[in-house]
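Asks: Numbers given in the numbering used here equal positions in the sequence shown, counted from 1, plus 3. C-beta atoms are modelled at their ideal positions from N, C-alpha and C, and glycine is treated no differently.
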Amino acid sequence: MRIMRCITENDLMVHVTDGELGSYHLLSGNPYDGFKATLAHVPVRQVLAPVVPTMIWCIGLNYKRHAEETGAKIPEQPVVFAKGPNAVQRPGGPIAIPRHLASEQVDYECELAVVIGKRCKNVSPERALDYVLGYTCANDVSARDWQIKRGGSQWSRGKTFDTFAPLGPVLVTADEIPDPNNLRITTRLNGEIVQDSNTADMIFSVREIISFLSGSTTLLPGTVILTGTPEGVGMARTPPRWLAPGDEVSIEIEKIGTLTNPVVLEETA
């Protein structure tokens, strides 16, 4: 099932699934206890991020070619950091270049996002996918200056600005993606492909990531896990390619869809 969270023309927040000819069917229930499609057609006014995360865990340097392009050693264990829920942005919502703690080095990162569907603790890699509700596209937007030099190498400092975690456009349930480590994943910047890879290049598979995180932390329903980005980030280009107001970033993942966000300068308070 492809689940969309949205605002209707009557200003109601609902979950819907794809119908015929571009229409949407209202879903009854909730994501964690099970949805059923109804016959009711719903006019969609605005698409929201497909989930409201209880927590956002992120994995760094998890694609072999990305680690190589940055000159980093291949990690022996997953590199973990977090984003705050404030960072979530809806499809079509603007990515805001910070003006208060200003950054001139804002970068894009296409990522497969995993959404946990039930309480998960100390699970084996073999059983890890049993706890997945579904998958969506993510952009791990990163202020490299605050991530590396100005933030004292505190990755979360550079990655958890408001709007720095666009998610969407839909949540595809796990039954439709039996192997999350065999999906083409791309980024387009103003229509140009700048990242083009496959989730098979992950150093630690989705199964291994879930197992690793659950070994120390209980993963609650609604936990979102960003699984790393492939090669082609702006930081690694010569010269570097930083996001700027007026840009448009599109993340596309096979079997899920395309997440597109414009880039703007943060508004003053």
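Assuming Ile-6 contacts Phe-38 (C-beta within less than 8 angstroms), just tell me the rounded distance between them.
Replies: 7 angstroms
Asks: Does the distance from the C-beta atom of Ile-212 to that of Ser-200 stay below 7 angstroms?
Replies: no
Asks: Starting from the Cα of Val-266, find the closest Cα among Leu-132, Gly-95, Gln-198, Gly-171 and give me that residue.
Replies: Gly-95
Asks: Between which two residues does the beta strand (DSSP E) containing Lys-86 stretch?
Replies: 82-86
Asks: In terms of DSSP beta bridges, what is Asn-33 paired with?
Replies: Gly-37
Asks: Starting from Asp-21 and walking both ways along the beta strand (DSSP E), at which residues does that stretch end?
Replies: 16-21
Asks: Around the Cβ of Thr-230, are there at least 16 other Cβ atoms within 10 angstroms (buried) or fewer (exposed)?
Replies: buried
Asks: State the DSSP-derived secondary structure class of Val-209, mapped to helix, strand or coil.
Replies: helix
Asks: Would you please state the rounded distance, in angstroms, between the beta carbons of Ser-219 and Ala-131? I believe it to be under 8 angstroms.
Replies: No, Ser-219 and Ala-131 are not in contact; Cβ-Cβ is about 14 angstroms, not under 8 angstroms.
Asks: Determine, using beta carbons only, whether Val-91 and Leu-64 come nearer to each other than 7 angstroms.
Replies: no
Asks: So, for Gln-301: in the same chain, excluding its five sequence neighbours on each side, which residues have a beta-carbon less than 8 angstroms away from its beta-carbon?
Replies: Absent from the structure is residue 301, since the part of the chain shown begins at 4 and ends at 272.
Asks: Below 8 angstroms, how does it come out for the region 99-113 and the region 236-253: are there three or more Cβ pairs, yes or no?
Replies: Output reads yes: the region 236-253 touches the region 99-113.
Asks: Does the Cβ of Asp-182 have 16 or more other Cβ atoms within 10 Å, making it buried, or fewer, making it exposed?
Replies: Exposed, since its Cβ has fewer than 16 Cβ neighbours within 10 Å.
Asks: If you reduce the DSSP assignment to three classes, tell me which class Leu-132 lands in.
Replies: DSSP places Leu-132 within a helical segment (H, G or I) once states are collapsed to three.
Asks: Identify whether Leu-246 lies in helix, strand or coil by the three-state DSSP scheme.
Replies: In this structure, Leu-246 counts as coil in the three-state DSSP scheme.
Asks: Enumerate in chain order the residues of its own chain whose CB-to-CB distance from Thr-57 is below 6 angstroms, with the five nearest sequence positions on each side excluded.
Replies: Leu-223, Gly-225, Thr-226
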